[in-house]
């Protein structure tokens with residue numbers, strides 16, 4: 555997949571795809587939906603829900619993409635080992651977001667990642683991930699967004715904001731049927747119908 | 555409360571407290587917990603769950619704070635109108651995070667907020683908030699973290715990261731019983747027991 559996806563992100567930088575590991579269909583539906591929508595809104599190129607299927611998340615993501623525009627790949631059920639293997643075989647790097655990794659603020663990890671100029675798979679787990687995620691068998695980098703416990707959703711948001719240097723927040727989404735016109739007060743929406 | 559809380563944030567900048575509006579105790583427990591933990595980890599001074607009580611969230615936040623350190627105010631059940639009124643009466647400003655507001659990337663909203671040098675209450679809603687949130691009766695600023703739908707958790711994370719200029723991610727939390735030593739591979743934890 556690493557070479558087959560359209561590059562829709564800002565800066566013409568390499569593309570990012572988010573792999574969500576450990577989703578539990580009942581319990582995690584809203585949180586995983588927020589992770590997927592964060593990936594989309596902050597200009598990742600796609601989202602992979604590994605190992606399980608959850609049609610709730612698929613429907614929400616596809617409905618939002620159809621309405622709010624842009625190209626966004628959604629995939630579910632693929633075994634995580636296959637995704638990682640294929641990604642690396644296609645020349646991409648794997649970043650594991652974890653509170654234990656190199657601190658994005660105090661280390662040069664982000665620069666080292668960007669200097670590679672390769673497509674990035676961001677691996678976002680839940681509280682207990684398999685130990686091998688930390689090893690070079692799975693990840694090229696372990697990156698922490700601070701070293702305090704908080705949220706995979708927040709961690710992903712800050713990673714994307716820093717990777718794309720803020721430009722992801724001003725991107726125009728192609729073929730949007732609905733668009734917000736930002737304003738100081740009230741709500742303004744432009745629709746094509 | 556605006557003047558009674560300790561200022562524990564980086565930069566000696568004004569303090570930030572997060573007000574979560576519209577929490578539904580069963581449905582939102584995990585998402586609101588992530589919002590609260592994001593507030594704490596990214597150096598907000600406190601979190602207010604407005605109008606309702608939810609002991610699940612209180613317990614998680616207090617347990618994490620006791621173990622991972624720092625001073626973090628937790629409050630629940632206070633009517634949002636009272637919090638807003640008291641905050642403003644004490645000289646603080648109210649920022650409503652909403653996809654409809656001034657884009658943090660393309661506007662000068664963040665600079666205007668920071669130039670005020672006042673304590674900040676960040677109002678974080680759910681999908682449908684009362685219309686008055688957008689008006690000057692409630693908010694001094696409506697700020698959007700991009701103008702696409704995504705997540706209040708992600709929006710808060712990026713707002714705090716930009717407000718504190720990244721320094722919140724390297725802050726040492728006082729009186730922590732457990733501490734992560736960031737590393738490229740594996741996990742390293744320091745405990746005081």
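Residue numbers (this note's numbering), protein chains in the order written: chain A, 555 to 747; chain B, 555 to 747. Where is the CB? At the ideal position from N, CA and C, for every residue including glycine.
Item to complete: Quick one: list the residues of chain A neighbouring residue 711 of chain B, beta-carbon separation under 7 Å, in chain order.
Response: For residue 711 of chain B, the chain A residues whose C-beta falls within less than 7 Å of its own C-beta are 708, 711, 712, listed in chain order.
Practice prompt. Say whether chain B places a C-beta atom closer than 8 Å to the C-beta of residue 738 of chain A.
Written response: Put simply, the CB of residue 738 of chain A is near chain B, with a gap under 8 Å to one of its CB atoms.
Worksheet item: Over what stretch of residues does the alpha helix (DSSP H) that includes residue 710 of chain B continue unbroken?
Response: Looking at the DSSP string, the run of the alpha helix (DSSP H) that includes residue 710 of chain B is 706-717.
Worksheet item: Between the C-alpha atoms of residue 542 of chain B and residue 664 of chain B, what's the straight-line distance to the nearest angstrom?
Response: In the structure as shown, chain B starts at 555 and stops at 747, and residue 542 of chain B therefore has no counterpart that could be examined.
Item to complete: Run down chain A in chain order and give the residues with a C-beta less than 8 Å from the C-beta of residue 656 of chain B.
Response: When 8 Å is used as the limit between beta carbons, residue 656 of chain B is near these residues of chain A: 736, 737, 738, in chain order.
Practice prompt. Count the other C-beta atoms from every protein chain shown that fall within 10 angstroms of the C-beta of residue 639 of chain A, then say buried if there are 16 or more, exposed otherwise.
Written response: Within a 10 Å sphere around the beta-carbon of residue 639 of chain A sit fewer than 16 other beta-carbons, which makes this residue exposed.
Discussion item. Rounding to the nearest angstrom, what Cα-Cα distance links residue 680 of chain A and residue 706 of chain A in this structure?
Written reply: Taking the straight line joining both Cα atoms gives about 7 Å.
Discussion item. Any beta carbon of chain A sitting closer than 8 Å to that of residue 724 of chain B?
Written reply: Interface residue, yes.
Discussion item. By alpha-carbon positions, which one of A:713, A:682, A:733, A:744 ends up nearest to residue 571 of chain A?
Written reply: Proximity to residue 571 of chain A across A:713, A:682, A:733, A:744 peaks at A:713, based on C-alpha coordinates.
Worksheet item: Helix, strand or coil: which one does DSSP assign to residue 663 of chain B?
Response: Helix.
Fill in: Within chain B, the residues that residue 701 of chain A reaches when beta carbons sit closer than 7 Å
Simply 734, 736.
Worksheet item: Would a C-beta distance cut-off of 8 Å place residue 695 of chain B and residue 649 of chain B closer than the cut-off?
Response: Cβ distance < 8 Å, so residue 695 of chain B and residue 649 of chain B count as in contact.
Discussion item. Using only the alpha-carbon positions, how far apart do residue 673 of chain B and residue 646 of chain A sit?
Written reply: The alpha-carbon atoms of residue 673 of chain B and residue 646 of chain A are separated by roughly 44 Å.
Item to complete: For residue 660 of chain A, return the contacting residues in chain B, with the cut-off set at a CB-CB distance below 9 Å.
Response: Chain B residues near residue 660 of chain A: 723, 724, 736.
Discussion item. Are there any heavy atoms of the ligand GTP lying less than 7 Å away from the beta-carbon of residue 703 of chain A, as far as the coordinates show?
Written reply: What this structure holds is no ligand at all, so the ligand GTP is not there to describe.
Item to complete: Taking 8 Å as the threshold, find out whether the region 608-619 of chain B comes into contact with the region 573-583 of chain B through three or more Cβ pairs.
Response: At 8 Å Cβ cutoff, the stretches touch.
Fill in: Which of helix, strand or coil DSSP assigns to residue 625 of chain B
The three-state reading of DSSP puts residue 625 of chain B in coil, since its state is none of H, G, I, E or B.
Fill in: Spatial neighbours of residue 687 of chain A in its chain, beta-carbon cut-off 7 Å, leaving aside the 5 residues before and after
Excluding sequence neighbours, residue 687 of chain A sits near 650, 677, 679, 693.
Item to complete: Return the residues of the region 612-626 of chain A that lie within a Cβ-Cβ distance of less than 8 Å from chain E, sorted by chain order.
Response: This model lacks chain E altogether; the protein chains it does include are A and B.
Fill in: Beta-carbon contacts of residue 608 of chain B that lie in its chain and below 6 Å, excluding the five residues immediately before and after
Beyond the five residues adjoining it in sequence on each side, residue 608 of chain B comes within less than 6 Å, by CB distance, of 579 in the same chain, given in chain order.
Worksheet item: Mind listing which residues of the region 681-697 of chain B have their C-beta closer than 7 Å to chain A's C-betas, in chain order?
Response: Those would be 688, 689, 696, in chain order.
Item to complete: Give me whichever residues DSSP pairs with residue 600 of chain A in a beta bridge.
Response: DSSP, once it has assigned bridges, lists A:571, A:627 as partnering residue 600 of chain A.
Item to complete: Tell me, please, whether the CB atom of residue 642 of chain B is closer than 8 Å to any CB atom in chain A?
Response: Under the 8 Å criterion on CB atoms, residue 642 of chain B is classed as non-interfacial with respect to chain A.
Practice prompt. Using the Cα positions of residue 556 of chain A and residue 587 of chain B, report the straight-line distance between them to the nearest angstrom.
Written response: With a pLDDT of 42 at residue 556 of chain A, under the threshold of 50, the modelled position of that residue is not reliable, and the figure given next carries that caveat. A straight-line Cα-Cα distance of about 34 Å links residue 556 of chain A and residue 587 of chain B.
Worksheet item: If we ignore side chains and look at the alpha-carbon of each, how far apart do residue 560 of chain B and residue 600 of chain B end up?
Response: Since pLDDT at residue 560 of chain B reaches only 43, below the 50 mark, its modelled position is unreliable, and the value read off the structure follows with that caveat. Cα-Cα distance, rounded: 10 Å.
Fill in: Candidates B:704, B:618, B:698: closest to residue 594 of chain A by CA position
Measuring from the Cα of residue 594 of chain A, the nearest candidate turns out to be B:704.
Worksheet item: Which residues in chain B sit within 7 Å of residue 720 of chain A, going by Cβ to Cβ distance?
Response: Within 7 Å Cβ-Cβ: 659.
Worksheet item: What span of residues does the alpha helix (DSSP H) with residue 593 of chain B cover, start to end?
Response: Start and end: 583-595.
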